[in-house]
């Protein structure tokens, strides 16, 4: 057996050991926790929300491997043409159920016009911290739609799905509980203007980022003690 083959089998063995270890740790995690995602505010500034009923609920839960999902439509009461389709998917054990929105968007017969990474300033102040997000502009029969989404592992935010999976695996190996979320915004273009729509999306994100951790942090069902951690890591200074 050559040195290259030996290294190959060592790597494979390490990966298998890691997989088995992570599965064992996932199974050993306590299940006496919940999150308050369903209590996320219906009113955020001038935005008024309404829950969206999930079709084929059991199938959705099976595919996403979680039942903790917030799907809501927010409309700006000061500008009725400003609408945000807001989705938060929470998982306590794994990120395997998270699928990039591009996949389902294209599968539905739509096309992607533009995609990339977008950095969202988290306040109006100069040199404000920035949130790294995935962005893509989609074309549908009804018009163009802007999508922005990101992932979190514990209090770390990031755009890269694979990076989030590695963080989750590493935390699992260390025996650290790190619930994961995917947050996605979809907005029909306002006046068919991408720049204007991005500005509206930025304003919406600036309002939800400070309060979102309160509703995605775990709460013990036994003593109802919550945590008030703030999302800081993964935000670009």
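Numbering (our numbering), first residue to last: 6 to 242. Ideal placement from N, C-alpha and C gives every residue a C-beta, glycine not left out.
Under the three-state reduction of DSSP, residue 191 is assigned to strand.
Counting only residues of its own chain and dropping the five nearest sequence neighbours on each side, residue 186 has a CB closer than 8 angstroms to the CB of 93, 94, 95, 96, 156, 157, 221. A direct Cα-to-Cα measurement between residue 170 and residue 218 gives close to 19 angstroms. Looking at the backbone, the Cα of residue 87 and that of residue 151 are separated by about 12 angstroms.
According to DSSP, residue 54 shares a beta bridge with 79. When beta bridges are read from the DSSP output, residue 120 appears opposite 141.
In the DSSP assignment, residue 206 falls within the unbroken alpha helix (DSSP H) covering 199-213. If you ignore the 5 residues before and after residue 199, its C-beta comes within less than 7 angstroms of the C-beta of 142, 151, all in its own chain and listed in chain order.
For residue 114, there are no CB contacts under 8 angstroms within the same chain when 5 residues up- and downstream are skipped. Scanning its chain for C-beta atoms nearer than 6 angstroms, with the 5 sequence neighbours on each side dropped, one finds around residue 202 the residues 151, 192, 194, 195, in chain order.
If you check the CB distance, residue 204 and residue 190 do not come in under 8 angstroms. A straight line joining the alpha-carbon of residue 146 with that of residue 173 spans about 38 angstroms.
DSSP places residue 158 inside the beta strand (DSSP E), whose first and last residues are 148-158. Less than 8 angstroms divides the Cβ of residue 122 from the Cβ of residue 164.
As the crow flies, the alpha-carbon of residue 120 is around 17 angstroms from that of residue 148. About 6 angstroms separates the beta carbons of residue 105 and residue 166, which is inside the 8 angstroms limit, making them a contact pair. When DSSP states are grouped into helix, strand and coil, residue 91 belongs to the strand group.
Within the model, the alpha-carbon separation for residue 175 versus residue 184 is close to 13 angstroms. Between the alpha carbons of residue 47 and residue 211 lies a distance of about 16 angstroms. Counting every other CB atom within 10 Å of its CB across the protein chains shown gives residue 180 a total below 16, marking it as exposed. Annotated three-state conformation of residue 73 is coil, per DSSP.
Separation of residue 117 and residue 108 (C-alpha to C-alpha, rounded to the nearest whole angstrom) is 10 angstroms. Residue 53 and residue 44 have their C-alpha atoms some 14 angstroms from each other. Relative to the Cα of residue 58, the nearest Cα in the group 140, 111, 91, 178 belongs to 91.
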